[in-house]
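Using this note's numbering, you'd call the opening residue of the sequence shown number 11 and step up by one each time.
Okay, so here's the structure we're looking at.
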Amino acid sequence: MVIMEDKIKQNFERRQFTKLRALHDMENNRLLQMKHEYSRLPEGEILIPYKNAHATYYIYENGIQKSVKRSEPVVDKLMRKRVLKRAITMQEAWCRSLEDAEKSFRHRMKSMEKSGMGKTLIRILEMPESDMFVMEPREYEWKNENHHRNGYRPELLKYKTSKGVMVRSKSEKIIADKLEQHGIPYRYEAELIINGNRYYPDFMILLPDGRILIWEHFGIMDDIDYASRAWRKIENYRRAGYVQHTNLICTYESDIENDKVIDEIIRRFIL
């Protein structure tokens, strides 16, 4: 019983640490994007003193101040620069807070190790990712219980995910790898019966509240026949009560071009 309680605590700690680390990485990337945008804006600062309730616009650069019209494009760019400068300062403080939280988390786990609580979480963090350690017992059981899968043309399952699941396309591999990275339980092409018809959504996902979400990726929407079948499938999902961004996610090739889009979808609608 004590060993089981230790394992549950370890699972919970591991998952929370994974979420914290993912958030820290995401916010650091956001900070880099903000700094990159800032570096591309014009030199100088915008000054907007008010006189008799009317704004006058000045550009201050290299010790020289000159007035400009509000309609000049440089005004909007320097106003954006002014806002972005403050935003970067706040984002840097936020990233430092996340870094401190991550250090605190590791310190707490080291203290747990010294106290002799079960297997040490520090050693677990150094091990390769394993569903058993990332997922809660309920999630692990759901993911691995017997279920019907799509048996259509298994020779097309050519792409292996980071956890060894075979999928049909590079785009599906990208999505699956992201789900696995976040420790999210899913079933690939599991059978779903709607009004007597069998469907095999790309991913069936168990949400933290126990609800099931389905994720369909539509890859070749420029093909008329494929697109027609895709829209019929989406309409059938809608009639069965599946609502986009509630218990249904639909993505397209344009979403895959930037992997941060997939991270954001997972953060907003699954975690």
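Note that the Cβ used here is the ideal one computed from N, Cα and C, for glycine as well.
If you're wondering where the values come from, they're calculated on a predicted model, not measured in any experiment.
Item	Value
Would you report the Cα separation of Arg31 and Lys188, rounded to the nearest angstrom?	14 Å
Quick one: give me the first and last residue of the beta strand (DSSP E) that Gln75 is part of.	74-78
Tell me the DSSP secondary structure of Glu151 in three-state form.	helix
Any contact between the region 91-99 and the region 30-44? By contact I mean 3 or more CB pairs, one from each, below 8 Å.	yes
Could you pull out every unbroken beta strand (DSSP E) segment of at least 3 residues lying fully inside the region 160-191, listed in chain order?	none
Comparing alpha-carbon positions, which option in Arg106, Arg50, Cys105, Phe115 lies nearest Leu88?	Arg50
Please state whether DSSP places Thr130 in a helix, a strand or coil.	For Thr130, the predicted structure reports a pLDDT of 46, less than 50, and the residue's modelled location is therefore unreliable. A value from the coordinates is still provided. In this structure, Thr130 counts as coil in the three-state DSSP scheme.
By how many angstroms is the C-alpha of Asn160 removed from the C-alpha of Asp110?	46 Å
In terms of DSSP beta bridges, what is Asn207 paired with?	Ile204
Provide the residue span of the beta strand (DSSP E) that contains Glu263, from first to last.	It is not in any beta strand (DSSP E) - Glu263 instead sits in the alpha helix (DSSP H) that spans 263-266.
Leaving out five residues on either side along the sequence, give the residues of the same chain with a beta carbon under 6 Å from the beta carbon of Tyr196.	Leu189, Phe213, Ile215
Using the beta-carbon count (16 or more within 10 Å), is Gln74 buried or exposed?	The displayed chain sequence assigns Ile, not Gln, to residue 74. So Ile74 ends up on the exposed side.
How would you label Leu223, buried or exposed, when you count the other beta carbons within 10 angstroms and need 16 or more for buried?	buried
Do you know whose CA, among Gln254, Tyr247, Cys260, Val93, lies nearest Glu226's CA?	Cys260
Quick one: give me the first and last residue of the beta strand (DSSP E) that Arg197 is part of.	196-198
Tell me the rounded alpha-carbon separation between Lys113 and Asn39.	19 Å
With 16 as the cutoff for other CB atoms within 10 Å, does Asp265 come out buried or exposed?	buried
Starting from Glu82, follow the alpha helix (DSSP H) in both directions and report where the run begins and ends.	From DSSP, Glu82 is part of no alpha helix (DSSP H); its letter is neither H nor E.
Which partner residues of Met214 appear in the DSSP bridge assignment?	Arg197, Ile224
Identify which residue in Asp269, His158, Gly193 has its Cα closest to the Cα of Leu217.	Gly193
Starting from Ile56, follow the beta strand (DSSP E) in both directions and report where the run begins and ends.	55-57
Quick one: is Gln26 buried, meaning 16 or more other Cβ sit within 10 Å of its Cβ, or exposed?	exposed
Which residues in the same chain have their Cβ closer than 8 Å to the Cβ of Tyr169, if we skip the five residues on either side of it in sequence?	Met176, Val177, Arg178, Ser179, Lys180, Glu182, Lys183
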